[in-house]
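Heads up: the sequence shown begins at 4 in our numbering, then just goes up one per residue.
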Amino acid sequence: MIMIVITGATGALGGAAVEHLLERVPVDRIGVSVRDVAKARRFADRGVRVRGGSYDDPAALRDSFEGAERVLLVSQNDPAGDGIGLHRTAIEAAVAAGARRILYTSHQNTRADSPFAPAHEHAATEALLAKSGVAWTALRNGFYAHSLDWLLGPWRQTGVIAAPADGPASWTDRADAAEAAAILLTGQRPFDGPVTLTARRAVTFDDIATTATELTGREITRVVVEDDQWLADRIAAGTPEPMAAMLLKFFHAARRGHFADTDPLLAELLGREPRTVTDFLTGRVGA
């Protein structure tokens with residue numbers, strides 16, 4: 004009996020992955036490792052094994068991974084955190100607990116020379132996985148489409164998408180990525196090393212403005228804002244400076260084509276077409 008443990012199960016991606024696991028395997032094969040056990044009550048009430056575990060607590064992690072053959076490590080999301088160190092702790096705990104395969108939520112086109120800081124963290128973590136001595140799979144997910152809520156600005160109110168110059172990005176639905184993770188965790192076909200999971204098409208903010216115009220029936224204009232001005236405006240609007248600076252680097256990397264690649268694997272795993280930017284915008288217009 005294969006035991007599967009997922010970290011970050013009280014978050015959006017980890018929680019959705021658990022829900023999909025519950026549809027695919029018996030509940031006694033599922034465990035979660037969470038910082039706050041109380042927040043995972045909905046899973047415990049359904050029979051999921053819930054144990055406390057944090058990437059900065061090796062002993063608790065090892066306990067939460069006990070008996071796991073497969074572990075999904077959801078990447079940490081604190082821009083100010085020591086992501087590489089935290090991920091190292093998690094990998095070592097999974098190995099110590101006897102896991103035979105580690106899956107990790109990485110990012111498309113992970114590379115050490117990217118202007119986008121999380122790419123360095125993912126690249127270093129993948130290197131740690133390669134040296135771990137156990138089988139591993141890096142889920143190089145496309146840029147999550149919900150990030151557009153932060154990047155497009157208040158376009159529904161203003162009729163303007165005002166942002167720095169960008170490039171094509173294969174905006175990918177986080178729920179689709181979570182479902183794919185569950186499929187890979189429960190499948191018989193091994194995927195070794197990095198796999199790219201993206202939407203079918205990469206689009207620019209110009210494309211998004213055109214689609215938004217078609218969906219709303221009103222003109223949505225794309226305006227290019229200088230980097231420094233955009234950064235200052237975001238900080239003035241209340242975005243913490245480290246977060247605003249990280250988001251700006253998205254545009255720098257996008258201009259270099261770092262998010263432009265697409266891959267058919269996500270659609271193959273899901274057995275359907277992944278959700279698109281049009282689907283995302285339709286939901287926002289409807290709301």
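Quick reminder that beta carbons are idealized off the backbone N, C-alpha and C, glycines included.
For residue j and residue i, believed in contact at Cβ under 8 Å, the rounded distance
i             : j             : result
proline 193   : alanine 133   : Proline 193 to alanine 133, Cβ: 15 Å. No contact.
threonine 140 : leucine 64    : 19 Å between Cβ atoms; not a contact.
alanine 183   : leucine 106   : Rounded, the Cβ-Cβ distance is 10 Å, inconsistent with contact.
leucine 200   : leucine 269   : 4 Å
serine 135    : isoleucine 94 : 5 Å
alanine 263   : serine 117    : Wrong, their Cβ atoms sit about 13 Å apart, outside the cutoff.
Sequence-distant residues of the same chain with beta carbon closer than 8 Å to residue i, five excluded per side
i              : result
proline 245    : Pro82 and Ala83
leucine 218    : Thr281, Leu284, Thr285 and Val288
aspartate 209  : Arg225
methionine 249 : Pro82, Phe119, Ala120 and Pro121
glutamine 79   : Tyr58, Gly86, Leu89 and His90
proline 267    : Arg203
glycine 260    : Gly170 and Pro171
alanine 162    : Note that residue 162 corresponds to glycine in the displayed sequence, not to alanine. So the qualifying residues of the chain are Arg221, Glu222, Ile223 and Thr224.
valine 30      : Arg49, Gly50 and Val51
Neighbourhood of residue i by C-beta, 7 Å cutoff - its chain only, sequence neighbours within 5 removed
i                : result
valine 280       : Ala148, Trp174, Val206, Ile211 and Thr214
phenylalanine 68 : Val8, Ser36, Val74, Ala96, Ala97, Ala100 and Ala102
arginine 258     : Ala168, Asp169 and Gly170
alanine 185      : Ala20, His23, Leu24 and Arg27
aspartate 179    : Leu269, Leu273, Pro277 and Arg278
tryptophan 158   : Ile164, Ala215 and Ile223
lysine 252       : Pro118, Phe119 and Ala120
Span of the alpha helix (DSSP H), counted from its first residue to its last, around residue i
i             : result
histidine 110 : It is not in any alpha helix (DSSP H) - histidine 110 instead sits in the beta strand (DSSP E) that spans 104 to 110.
arginine 237  : 230 to 239
proline 121   : 120 to 133
arginine 221  : Looking at the DSSP string, arginine 221 is not in any alpha helix (DSSP H), and its letter there is neither H nor E.
aspartate 282 : 280 to 289
glycine 14    : From DSSP, glycine 14 is part of no alpha helix (DSSP H); its letter is neither H nor E.
arginine 91   : 86 to 99
Terminal residues of the beta strand (DSSP E) in which residue i lies
i              : result
isoleucine 7   : 7 to 10
tryptophan 174 : Segment: none, tryptophan 174 is in no beta strand (DSSP E) and carries neither H nor E.
glycine 260    : Element bounds for glycine 260: n/a, residue is neither H nor E.
alanine 138    : 138 to 144
threonine 224  : 224 to 227
valine 163     : 163 to 166
leucine 200    : 196 to 200
leucine 75     : 73 to 76
Same chain, Cβ closer than 6 Å to residue i, five either side skipped, listed in chain order
i              : result
histidine 125  : Ser109, His110 and Thr113
arginine 52    : Gly34
histidine 90   : Thr128
alanine 115    : His123 and Ala126
methionine 6   : Arg32, Gly70, Ala71 and Glu72
tryptophan 233 : Pro167
arginine 237   : Ala247
proline 197    : Ala141 and Arg143
arginine 104   : Arg73 and Ala138
Which full runs of the beta strand (DSSP E) of 3+ residues lie inside the segment 16 to 62, going along the chain? Correct list: 33 to 37 and 52 to 55.
Do three or more CB pairs link the segment 145 to 153 to the segment 172 to 180 at distances below 8 Å? The segment 145 to 153 vs the segment 172 to 180: in contact.
Count the CB pairs spanning the segment 211 to 227 and the segment 161 to 169 that are closer than 8 Å, and state whether there are at least three. Yes, since at least three Cβ pairs between the segment 211 to 227 and the segment 161 to 169 fall closer than 8 Å, the two stretches touch.
Tell me, please, whether the segment 9 to 18 touches the segment 34 to 48 by the rule of three or more beta-carbon pairs shorter than 8 Å. Yes: the two stretches touch, three or more of their Cβ pairs being nearer than 8 Å.
Are the segment 149 to 165 and the segment 188 to 203 in contact at 8 Å, needing three or more beta carbon pairs? The segment 149 to 165 makes no contact with the segment 188 to 203, as fewer than three CB pairs between them are under 8 Å.
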